[in-house]
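All remarks here apply to the structure that follows.
Numbering (the working numbering), first residue to last: 103 to 213.
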(Lines of atoms letter the chains of each structure in order from A and count residues from 1; the text may use other names and numbers.)
(Lines give C-alpha, C1' and ligand atoms only; values in the text may rest on other atoms or scores of the structure.)
Protein backbone atom coordinates (compact mmCIF):
# COMPACT_ATOMS: atom_id res chain seq x y z
CA UNK A 1 0.00 0.00 0.00
CA UNK A 2 2.84 2.36 0.84
CA UNK A 3 4.18 2.12 -2.72
CA UNK A 4 0.79 3.00 -4.18
CA UNK A 5 0.56 5.99 -1.82
CA UNK A 6 4.05 7.07 -2.91
CA UNK A 7 3.08 6.80 -6.58
CA UNK A 8 -0.04 8.88 -5.92
CA UNK A 9 1.92 11.47 -3.97
CA UNK A 10 4.50 11.81 -6.75
CA UNK A 11 1.72 12.58 -9.23
CA UNK A 12 -0.19 14.97 -6.97
CA UNK A 13 1.72 18.02 -8.14
CA UNK A 14 2.96 16.58 -11.43
CA UNK A 15 2.53 18.49 -14.66
CA UNK A 16 3.47 17.89 -18.27
CA UNK A 17 4.32 20.63 -20.75
CA UNK A 18 4.29 20.27 -24.51
CA UNK A 19 5.27 22.97 -26.97
CA UNK A 20 3.70 23.13 -30.42
CA UNK A 21 5.91 22.17 -33.35
CA UNK A 22 5.75 25.76 -34.58
CA UNK A 23 6.92 26.94 -31.11
CA UNK A 24 3.87 29.21 -30.89
CA UNK A 25 2.30 27.84 -27.72
CA UNK A 26 2.96 25.53 -24.78
CA UNK A 27 0.20 23.57 -23.04
CA UNK A 28 0.51 22.41 -19.45
CA UNK A 29 -1.71 19.73 -17.93
CA UNK A 30 -1.95 18.30 -14.42
CA UNK A 31 -2.02 14.61 -13.43
CA UNK A 32 -5.75 14.40 -14.17
CA UNK A 33 -5.12 15.66 -17.72
CA UNK A 34 -6.79 18.99 -16.97
CA UNK A 35 -5.38 21.92 -18.93
CA UNK A 36 -3.79 24.28 -16.40
CA UNK A 37 -1.98 26.73 -18.66
CA UNK A 38 -1.60 27.87 -22.24
CA UNK A 39 1.46 29.99 -22.79
CA UNK A 40 1.85 31.87 -26.08
CA UNK A 41 5.50 32.53 -26.90
CA UNK A 42 4.91 34.98 -29.73
CA UNK A 43 2.04 36.99 -31.12
CA UNK A 44 2.16 34.90 -34.30
CA UNK A 45 -1.29 33.53 -33.48
CA UNK A 46 -2.74 36.90 -34.50
CA UNK A 47 -1.99 36.25 -38.15
CA UNK A 48 -3.21 32.66 -38.16
CA UNK A 49 -6.49 31.58 -39.67
CA UNK A 50 -8.93 30.58 -36.91
CA UNK A 51 -8.98 26.94 -38.09
CA UNK A 52 -5.17 26.80 -38.08
CA UNK A 53 -4.95 28.27 -34.58
CA UNK A 54 -7.64 25.91 -33.34
CA UNK A 55 -5.86 22.89 -34.82
CA UNK A 56 -2.57 23.96 -33.24
CA UNK A 57 -4.20 24.30 -29.83
CA UNK A 58 -6.01 20.97 -30.07
CA UNK A 59 -2.82 19.21 -31.16
CA UNK A 60 -0.60 20.60 -28.40
CA UNK A 61 -3.20 20.01 -25.67
CA UNK A 62 -3.80 16.46 -26.91
CA UNK A 63 -0.07 15.67 -26.88
CA UNK A 64 0.28 17.04 -23.33
CA UNK A 65 -2.69 14.98 -22.14
CA UNK A 66 -1.36 11.80 -23.78
CA UNK A 67 2.07 12.40 -22.28
CA UNK A 68 0.56 12.76 -18.81
CA UNK A 69 -1.67 9.74 -19.32
CA UNK A 70 1.39 7.65 -20.20
CA UNK A 71 3.20 8.97 -17.12
CA UNK A 72 0.30 8.06 -14.82
CA UNK A 73 -0.01 4.61 -16.39
CA UNK A 74 3.70 4.03 -15.88
CA UNK A 75 3.48 5.10 -12.22
CA UNK A 76 0.73 2.55 -11.52
CA UNK A 77 1.78 -0.21 -13.91
CA UNK A 78 3.60 -2.22 -11.23
CA UNK A 79 0.40 -2.36 -9.15
CA UNK A 80 -1.99 -3.45 -11.89
CA UNK A 81 -3.21 -7.04 -11.99
CA UNK A 82 -1.42 -9.29 -14.45
CA UNK A 83 -2.72 -8.84 -17.97
CA UNK A 84 -4.13 -5.35 -17.37
CA UNK A 85 -2.68 -2.73 -19.71
CA UNK A 86 -2.59 0.42 -17.57
CA UNK A 87 -1.94 2.63 -20.60
CA UNK A 88 -5.09 1.29 -22.27
CA UNK A 89 -7.02 1.85 -19.03
CA UNK A 90 -5.84 5.47 -18.94
CA UNK A 91 -6.92 5.98 -22.56
CA UNK A 92 -10.38 4.61 -21.73
CA UNK A 93 -9.92 1.62 -24.01
CA UNK A 94 -10.65 -1.06 -21.41
CA UNK A 95 -14.04 -2.46 -20.51
CA UNK A 96 -13.62 -2.44 -16.73
CA UNK A 97 -16.59 -4.72 -16.13
CA UNK A 98 -15.29 -7.32 -18.59
CA UNK A 99 -11.77 -7.10 -17.13
CA UNK A 100 -13.10 -7.68 -13.62
CA UNK A 101 -15.19 -10.64 -14.82
CA UNK A 102 -12.09 -12.19 -16.40
CA UNK A 103 -10.46 -11.93 -12.97
CA UNK A 104 -13.44 -13.65 -11.33
CA UNK A 105 -14.77 -10.43 -9.79
CA UNK A 106 -18.12 -8.73 -10.28
CA UNK A 107 -18.96 -5.07 -9.86
CA UNK A 108 -21.62 -6.29 -7.43
CA UNK A 109 -18.76 -7.35 -5.13
CA UNK A 110 -17.98 -3.66 -4.64
CA UNK A 111 -21.53 -2.56 -3.80
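Beta carbons: idealized from backbone N, C-alpha and C, even for Gly.
CA nearest to the CA of residue i, picked from the options
i, options, result
"residue 145", "139, 173, 131, 125", "125"
"residue 114", "177, 201, 211", "177"
"residue 192", "104, 171, 148", "171"
"residue 109", "213, 202, 211, 175", "175"
Cβ of residue i within 8 Å of any chain D Cβ
i, result
"residue 134", "Note that chain D does not occur in the displayed structure, where there is just one protein chain."
Rounded C-alpha distance that separates residue i from residue j
i, j, result
"residue 142", "residue 184", "43 Å"
"residue 112", "residue 135", "15 Å"
"residue 163", "residue 104", "32 Å"
"residue 204", "residue 152", "48 Å"
"residue 159", "residue 132", "17 Å"
"residue 179", "residue 173", "10 Å"
"residue 182", "residue 161", "30 Å"
"residue 140", "residue 128", "6 Å"
"residue 155", "residue 206", "49 Å"
"residue 186", "residue 213", "22 Å"
"residue 211", "residue 107", "24 Å"
Close Cβ partners of residue i (< 7 Å) along its chain, the five nearest in sequence each way excluded
i, result
"residue 138", "117, 130, 131, 132"
"residue 169", "118, 120"
Proximity of residue i and residue j at Cβ, strictly below 8 Å
i, j, result
"residue 120", "residue 166", "yes"
"residue 209", "residue 195", "no"
Close-in-space but distant-in-sequence residues of the same chain around residue i (CB under 6 Å, 5 per side omitted)
i, result
"residue 59", "The question about residue 59 has no answer here: the residues shown for the chain are numbered 103 through 213."
Ordered list of alpha helix (DSSP H) runs contained in the region 150-198, each at least 4 residues: DSSP runs (the alpha helix (DSSP H)) wholly in the region 150-198: 152-178, 188-192.
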